[in-house]
Amino acid sequence: MITIQNLGTALRVVRPDGTTEEFAASPANQSSRYQEAASHDAIVIDAREALVMKRGSTPQTCKR
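If you use the working numbering, the sequence shown closes out at 64, no skipped numbers anywhere.
If you want it as structure tokens, here you go:
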């Protein structure tokens, strides 16, 4: 299981092994789309769901 923490202008993803990634709002003035700069992985937040997209993997939908 991953944990997604909303930091306002960014998200922090905590993976099961304890590693973290920061995703900045993309574009900067919104609060539903976030992208990790180095990998171009992305997360889209919609109400109680998050669509997690990693390069080379099938997108996964997560629910709160």
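The C-beta atom is built at its ideal place from N, Cα and C for all residues, glycine as well.
Query, Result
"N-terminal and C-terminal residue of the beta strand (DSSP E) that T61 is part of", "60-63"
"Nearest residue (CA-CA) to G68, options K63, S39, R48, T9", "Here the chain comprises residues numbered 1 to 64, so residue 68 is not present and cannot be evaluated."
"Enclosing beta strand (DSSP E) for N6 [first to last residue]", "3-6"
"Closest Cα partner of T19 within the set M1, S31, L51, T61", "M1"
"Endpoints, the beta strand (DSSP E) within which E22 is located", "20-25"
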